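Here the sequence shown is numbered in the numbering used here, starting from 11 and rising by one per residue.
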Amino acid sequence: MCSRRWKTIARAAAGLIAALCWCGPTFGQAGPEPNPTGFGQSHYDYTTPLAGAAPRAQWTRVPRVDGRLSARDLGLVINTNDPYSVAVGEFYAKARKLAPAQVLRVELPTRAALTPDEFKAFSNTVDSFFGVSVQALALAWTMPYAVNCNSITGALALGYDAGLCDHSCTPSKRSPYFDSATSRPFTDLKMRPAMLLAAPDVAAAQALIRRGVAADGRLGLRGGAPVHAYFVTTNDAARSVRSRLFPPPGLLRGAGVDVHVEATQAIENAQRVLLYQTGLARVEKLGTLTWVPGALADHLTSYGGQLNGDSGQMPALEWIASGATASYGTVSEPCSHPQKFPHPQLLLLHYLQGASAIEAYWKSVAWPQQGVFIGEPLAAPFARR
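What follows is the structure, encoded as structure tokens:
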């Protein structure tokens, strides 16, 4: 039974979120045809807001969501061809107390990308194995992270889009899960969001899983020092296109989160970091940060989702290695569509409502076809215990 103290705090946080002004649905609409010459060529005029977007330094609003994904809603997939996957998958099944019927074992190549035919066979196996109660998926590996130019998480949820591989800079399919009110994505939308349990090695993956489990409800009853959310504009203008969507700085008193909006190349020596979003090809000084369990972090760049590190840009794995619990990156050239990256305010506000990491991240990306989600999917620091 909830304590009186919890009810008071929950009402304050809910009132704060409900009072924020709405700007969500039009964020995912397609814009004009992009300039295909690369990430640094923006096809939007970023000196003015996107159609329907709030002016800078105003809060958006998210729909109220009752409930969240839990361990009983999750399906786990283990690749028996990959020793990392077997070790991490077995560890995760025990950590989250998954039933045997929730665990699918498959044989997949361990290279970066599946072919479309390989993916089709894999997707059919997933669909035939998991019943209607499984709402989301945890994939216990780091590679494969892509299907040709699609991310493997995007293709599983939305279907493989071959046309995107001819013109990867074009607007891609809008996710029906974006900023939605549902906590049952498969039941309501016939899609299963997925997240890779990806880390540099088995030990790092186990540490990631421990952080995710430790996060549950950790910040739901606050009484101590606040945690911190950093939204950073760098001198890389093309990769800082989300700056207009940053929230106003200040303390979210109902949730105990101190929001920082800064212009700098890197945050350093920060403590109790809950969220860090920036735009650079490589983010420095991550080793100076102290993260809370359940922390989210991502950098807007072309190839953060290429987890093998071959692109020359920082892979999202480095956020996990530094102590974050979930991250995101694109696997093929997205150009400067902000819709292909996590919306700063939607990510934070869905998380504050008590959503899990997989829900908050997926609901913040309007066009996730090229983006891979990584981390411990069920981490939910603001969930009610």
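Here a beta-carbon is modelled for each residue, glycine too, at the ideal position from N, C-alpha and C. Values in this document were obtained by computation on a predicted structure and should not be read as measured data.
(request) Answer with buried or exposed for Ala64, where buried requires no fewer than 16 other C-beta atoms within 10 angstroms of its C-beta. (result) In the sequence shown, residue 64 corresponds to position 54, counting from 1. Residue placement at Ala64 is poorly supported in this model, since its pLDDT is 40, which falls under 50; the coordinates still yield a value, given next. Classification for Ala64: buried.
(message) If you reduce the DSSP assignment to three classes, tell me which class Pro303 lands in.
(response) For the purposes of this step, residue 303 is identified with residue 293 of the sequence shown, where counting begins at 1. Three-state result, Pro303: strand.
(message) Please state the DSSP three-state secondary structure of Tyr286.
(response) Along the sequence shown, one-based indexing puts residue 286 at 276. Per DSSP, reduced to three states, the secondary structure at Tyr286 is strand.
(request) Alpha carbon to alpha carbon, how far is Leu261 from Cys175? Give it in angstroms, no decimals. (result) In the sequence shown, counting from the first residue as 1, residue 175 sits at position 165. In the sequence shown, counting from the first residue as 1, residue 261 sits at position 251. Whole-angstrom Cα-Cα distance: 43 Å.
(request) Within its chain, find whatever has a CB closer than 7 Å to the CB of Arg263; leave out the 5 residues flanking it on each side and keep chain order. (result) Residue numbering aside, residue 263 sits at position 253 when the sequence shown is read from its first letter. Residues of the same chain with their beta carbon placed closer than 7 Å to that of Arg263 are lacking, with the five preceding and five following residues left out of the count.
(request) Could you tell me which residues DSSP puts in a beta bridge with Ser85? (result) Working through the sequence shown from its first residue, we reach residue 85 at position 75. At residue 85 the sequence reads Gly, which differs from the Ser that was named. Answer is Leu147.
(request) Going by CA-CA distance only, name the one from Val341, Asn160, Thr192 and Leu166 that's closest to Arg78. (result) On the sequence shown, position 68 is the one that residue 78 refers to. Relative to Arg78, the option among Val341, Asn160, Thr192 and Leu166 whose CA is nearest is Thr192.
(message) Please state the DSSP three-state secondary structure of Leu296.
(response) The count along the sequence shown starts at 1 and reaches residue 296 at position 286. Residue state, collapsed to three classes: helix.
(request) Answer with buried or exposed for Arg106, where buried requires no fewer than 16 other C-beta atoms within 10 angstroms of its C-beta. (result) For the purposes of this step, residue 106 is taken as residue 96 along the sequence shown, with counting starting at 1. Buried: at least 16 other Cβ atoms inside 10 Å.
(request) Run the CB neighbour count on Ala390, radius 10 Å, all protein chains shown included, and call it buried at 16 or more, exposed below. (result) Against the sequence shown, residue 390 aligns to sequence position 380. Burial state of Ala390 is buried, judged by a 10 Å Cβ sphere holding 16 or more other Cβ atoms.
(message) Helix, strand or coil, according to DSSP, for Ile277 in the structure here?
(response) Position 267 of the sequence shown, counted from the start, is the residue given in the question as residue 277. In the structure shown, Ile277 sits in coil (DSSP, three-state: anything other than H, G, I, E or B).
(request) Could you round the C-beta distance between Ser332 and Leu284 to whole angstroms and report it? I think they count as a contact, below 8 Å. (result) Here residue 332 corresponds to residue number 322 of the sequence shown, with the count starting at 1. Here residue 284 corresponds to residue number 274 of the sequence shown, with the count starting at 1. Beta-carbon to beta-carbon, Ser332 and Leu284 are separated by about 14 Å, too far to satisfy the 8 Å threshold.
(request) Please go through the same chain and pick out, in chain order, the residues whose beta-carbon is closer than 8 Å to the beta-carbon of Phe49, but skip the five residues on each side of it. (result) For the purposes of this step, residue 49 is taken as the residue at position 39 of the sequence shown. Interpretation of Phe49 is limited by its pLDDT of 29, a score under 50 that renders its predicted location unreliable; the figure taken from the coordinates is listed afterwards. Setting aside the 5 residues that flank it on each side, Phe49 is surrounded in the same chain by Ala248, Arg249, Thr311, Ser312, Glu343, Pro344, Cys345 and Ser346, each with a C-beta closer than 8 Å to its C-beta; the list follows chain order.
(request) Return the CA-CA distance between Gln145 and Ile277, expressed in angstroms with no decimal places. (result) The residue you call residue 145 lines up with position 135 of the sequence shown. The residue you call residue 277 lines up with position 267 of the sequence shown. Straight-line spacing of the CA atoms in Gln145 and Ile277 works out to 36 Å.
(request) Round the Cβ separation of Leu359 and Val72 to the nearest angstrom and send it over; I've been treating them as touching at under 8 Å. (result) By one-based count along the sequence shown, residue 359 stands at place 349. By one-based count along the sequence shown, residue 72 stands at place 62. With a Cβ gap of about 4 Å, Leu359 and Val72 count as contacting.
(request) Using the Cα positions of Pro378 and Pro126, report the straight-line distance between them to the nearest angstrom. (result) The residue given as residue 378 occupies position 368 in the sequence shown. The residue given as residue 126 occupies position 116 in the sequence shown. Those two C-alpha atoms are separated by around 18 Å.
(request) Could you check what DSSP says for Asn160 in three-state terms: helix, strand or coil? (result) If you number the sequence shown from 1, residue 160 lands on position 150. Strand.
(message) With distance defined between alpha-carbon atoms, name the residue in Trp151, Arg220 and Cys179 nearest to Ala204.
(response) The residue given as residue 204 occupies position 194 in the sequence shown. When the alpha-carbon of Ala204 is set against those of Trp151, Arg220 and Cys179, the nearest one is in Trp151.
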